[in-house]
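Colleague:
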Amino acid sequence: MLIDESKGEEENPWGIRFSTMFHMTNDSHLFRTWEELEIEGWSLNGNVFVRDAERYLPLYEAKMAQAFDHRAADVVLSATATIRQGQPIQLNDDEHRDINRFVVGRYWLLARDIDASMPDGWTRFYLLGFTDVTSPTNERTMISTVIPRVAVGHTMPLIFAEKHQAYSIPLMMANLNSFVFDYVGRQKIGGIHYTYFILKQLPVLTFEQYPDNIREEILRRVLELTYTGADLKAFADDVCAVLYQNDSSEPTKPEPFVWDVERRFPIRCELDAIYFHLYGIERYDIDYIMETFPIVKRKDEQKFGEYRTKRVILECYDAMAEAKKIGRPYQTILDPLPADPRAAHPQEKNKT
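In the numbering used here, the protein residues as written are 22 to 373.
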């Protein structure tokens, strides 16, 4: 269990604290709109308003993010909408490939109010959140991602994992976004909200259940999937610090990775295969579990004529099982390797 309250001091192996930062109604007196800030002389830099030494940071809502993607959608105020105000507009692939294209929400808050809302001792310049509103009939039930240190609405609850250095956030995110974890979560969701009470009862791997080499393989894949925008440099720096902590050479300075849908797909399949192995799931059970995601299956069959996601995950799973059987490292299907600098954004590589 993520937090097993029956085990005393060992109940919380990741050192997790949960939090919702700003309530969209109760805290609305702190919110400012684009128009209000412009009238008062604030200048927009990226998605941050600046005036002198002060900053207004964007307010993130859950609809702005997807799994491993903190730049999924803008949220706009419509002059004509009277019922469903604040609907998301998805960023397309070209926009995703621009490392300086940041999502824009409906509201902004003063940076000092955001700092005051952080848990004591949280010094990292990024946050781990997940989508609160969900359903076991959705394409995916759990959607989790890292976002910059910004304001966050209550529809995206936050997880502050404080143990095990910078391993905690990428490993937690990868675990939560895996099909095997999603399958278990679906059995527990009775309404439309993914509550902390449900989440803390679900089976999440402890740090010690990851072999050392597997931790690194997961971190490399999470890094490439997540670090596609310049505003997550702090996250990338922390991940690289633990990946190369035993390297005596100059610390690696990562650049954002290219948004490539066809490359992101096998990276996620390999992550899912890794977690099926870590959870000890047999091959025939993987086949069954993947069939319980009918929307994923239907979209695959419409686009590719087959359930491609299940096939590739099983192929990766089989290759990992064979590698373990003969005592050799698993050979990734990716070229270049996950988080290889050659997969970084070409504009950034040309600057170095």
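Built from N, CA and C at the ideal position, the CB exists for glycine as well.
Predicted model only: the values in this text are computed from it and were never measured.
In chain order, what residues of the same chain have a beta carbon less than 7 Å from the beta carbon of isoleucine 24, not counting five sequence neighbours either side?
Modeller: For isoleucine 24, where only same-chain residues beyond five positions count, the Cβ hits under 7 Å are Glu32, Asn33, Ile37, Lys221.
Colleague: Three-state secondary structure (DSSP) at asparagine 198?
Modeller: Three-state result, asparagine 198: coil.
Colleague: Looking at the structure shown, is aspartate 90 part of a helix, part of a strand, or coil, going by DSSP?
Modeller: Here aspartate 90 sits in strand by DSSP.
Colleague: Residue range of the beta strand (DSSP E) that leucine 149 falls in?
Modeller: Its beta strand (DSSP E) spans residues 147-151.
Colleague: Taking its Cβ as the centre, do 16 or more other Cβ atoms sit within 10 Å of arginine 349, making it buried, or is it exposed?
Modeller: Result: exposed.
Colleague: Determine the burial state of asparagine 66: buried for a count of at least 16 other Cβ atoms within 10 Å of its Cβ, exposed for fewer.
Modeller: The residue in question, asparagine 66, is exposed, as its Cβ has fewer than 16 Cβ neighbours within 10 Å.
Colleague: Please say whether phenylalanine 200 and tyrosine 296 have beta carbons closer to each other than 9 Å?
Modeller: Going by C-beta atoms, tyrosine 296 is nearer than 9 Å to phenylalanine 200.
Colleague: Counting Cβ pairs, one atom from each stretch, are 3 or more of them under 8 Å apart for the segment 114-131 and the segment 67-81?
Modeller: Judged by Cβ distances under 8 Å, the segment 114-131 makes contact with the segment 67-81, as three or more pairs qualify.
Colleague: For asparagine 198, does the count of other Cβ atoms within 10 angstroms reach 16, so buried, or fall short, so exposed?
Modeller: Classification of asparagine 198: buried, given that the 10 Å Cβ count is 16 or more.
Colleague: Note the first and the last residue of the continuous alpha helix (DSSP H) segment covering leucine 292.
Modeller: It spans 282-299 - the alpha helix (DSSP H) in which leucine 292 sits, taken as one unbroken run.
Colleague: Quick check on DSSP: helix, strand or coil for asparagine 121?
Modeller: Coil at asparagine 121, not helix or strand.
Colleague: Classify aspartate 203 as buried or exposed, calling it buried when 16 or more other Cβ atoms lie within 10 Å of its own Cβ.
Modeller: Buried, since its Cβ has 16 or more Cβ neighbours within 10 Å.
Colleague: Pick out whichever of Asp134, Leu148, Asp308 has its Cα sitting closest to the Cα of phenylalanine 39.
Modeller: The shortest C-alpha separation from phenylalanine 39 is found at Leu148.
Colleague: Straight-line CA distance for lysine 254 to phenylalanine 278?
Modeller: So the two alpha carbons sit approximately 11 Å from each other.
Colleague: On the three-state DSSP scale, how would you describe glycine 174?
Modeller: Correct three-state label for glycine 174: strand.
Colleague: Mind checking arginine 170: buried by the 16 CB within 10 Å criterion, or exposed?
Modeller: Buried, because 16 or more other Cβ atoms sit within 10 Å of the Cβ of arginine 170.
Colleague: With a threshold of 16 other CB atoms inside 10 Å of the CB of valine 260, please say whether the residue is buried or exposed.
Modeller: Buried.
Colleague: Determine the direct distance from the alpha carbon of valine 167 to that of leucine 244, and round the result to whole angstroms.
Modeller: Their Cα atoms are separated by approximately 11 Å.
Colleague: Can you name the start and end residues of the beta strand (DSSP E) that leucine 78 belongs to?
Modeller: Here the beta strand (DSSP E) through leucine 78 covers 75-81.
Colleague: The alpha helix (DSSP H) with valine 154 in it runs from where to where?
Modeller: Where valine 154 is concerned, there is no enclosing alpha helix (DSSP H), given that its DSSP letter is neither H nor E.
Colleague: Can you list, in chain order, the stretches of the alpha helix (DSSP H) that have 4 or more residues and sit fully within the segment 245-271?
Modeller: Counting only runs of 4 or more, we get 254-264.
Colleague: Say the cut is 8 Å; is the CB of arginine 72 nearer than that to a heavy atom of the ligand ZN?
Modeller: No copy of the ligand ZN appears in this structure; indeed no ligand is present at all.
Colleague: If we require 4 or more residues per run, which alpha helix (DSSP H) segments fall completely within the segment 192-244?
Modeller: The segment 192-244 contains these whole alpha helix (DSSP H) runs: 200-209, 217-220.
Colleague: Contact between the segment 317-326 and the segment 212-221 is defined here as three or more beta-carbon pairs at a separation below 8 Å; is this criterion met?
Modeller: Flag = no, the segment 317-326 and the segment 212-221 do not touch.
Colleague: Ignore the nearest five residues each way along the sequence and tell me which others in proline 140's own chain have a CB closer than 7 Å to its CB.
Modeller: For proline 140, where only same-chain residues beyond five positions count, the Cβ hits under 7 Å are Arg38, Ser40, Phe181.
Colleague: Please name the residue in Thr155, Glu75, Pro157 whose C-alpha comes closest to that of alanine 132.
Modeller: Measuring from the Cα of alanine 132, the nearest candidate turns out to be Glu75.
Colleague: Looking only at C-alpha atoms, which of Thr176, Glu237, Leu226 sits nearest to threonine 216?
Modeller: Cα-wise, what sits closest to threonine 216 is Thr176.
Colleague: Under 8 Å by Cβ, that's how I've got arginine 151 and serine 138 pegged, so tell me the actual separation to the nearest angstrom.
Modeller: The residue asked about is misnamed: residue 151 is phenylalanine in this sequence, not arginine. Contact flag wrong, Cβ pair sits at about 18 Å.
Colleague: Could you tell me how far apart the beta carbons of aspartate 89 and leucine 246 are, in whole angstroms, since I believe they sit closer than 8 Å?
Modeller: Here residue 89 turns out to be phenylalanine, not aspartate, going by the sequence shown. That belief holds up - the Cβ atoms of phenylalanine 89 and leucine 246 are roughly 4 Å apart, short of 8 Å.
Colleague: On the DSSP bridge list, what partners appear for glutamine 111?
Modeller: The partner list for glutamine 111 (beta bridge, DSSP) reads Ala94.
Colleague: Could you give the distance in angstroms between the alpha-carbon of histidine 298 and the alpha-carbon of aspartate 114?
Modeller: Approximately 32 Å between the Cα atoms of the pair.
Colleague: What first and last residue would you give for the beta strand (DSSP E) that runs through arginine 329?
Modeller: Unbroken run through arginine 329 is the alpha helix (DSSP H), 329-347; no beta strand (DSSP E).
Colleague: Just the C-alpha distance for glutamate 59 and arginine 118, rounded to the nearest angstrom, thanks.
Modeller: Their Cα atoms are separated by approximately 28 Å.
Colleague: Hey, would you say isoleucine 120 sits closer than 9 Å to alanine 94, going by beta carbons?
Modeller: Going by C-beta atoms, isoleucine 120 is not nearer than 9 Å to alanine 94.
Colleague: Going by beta-carbon coordinates alone, are aspartate 252 and asparagine 47 separated by less than 9 Å?
Modeller: The answer is no: Cβ separation not under 9 Å.
Colleague: Output needed for isoleucine 235: all residues of its chain with C-beta closer than 8 Å, excluding positions within five of it in sequence on either side, in chain order.
Modeller: Cβ within range, chain order: Ile295, Leu299.
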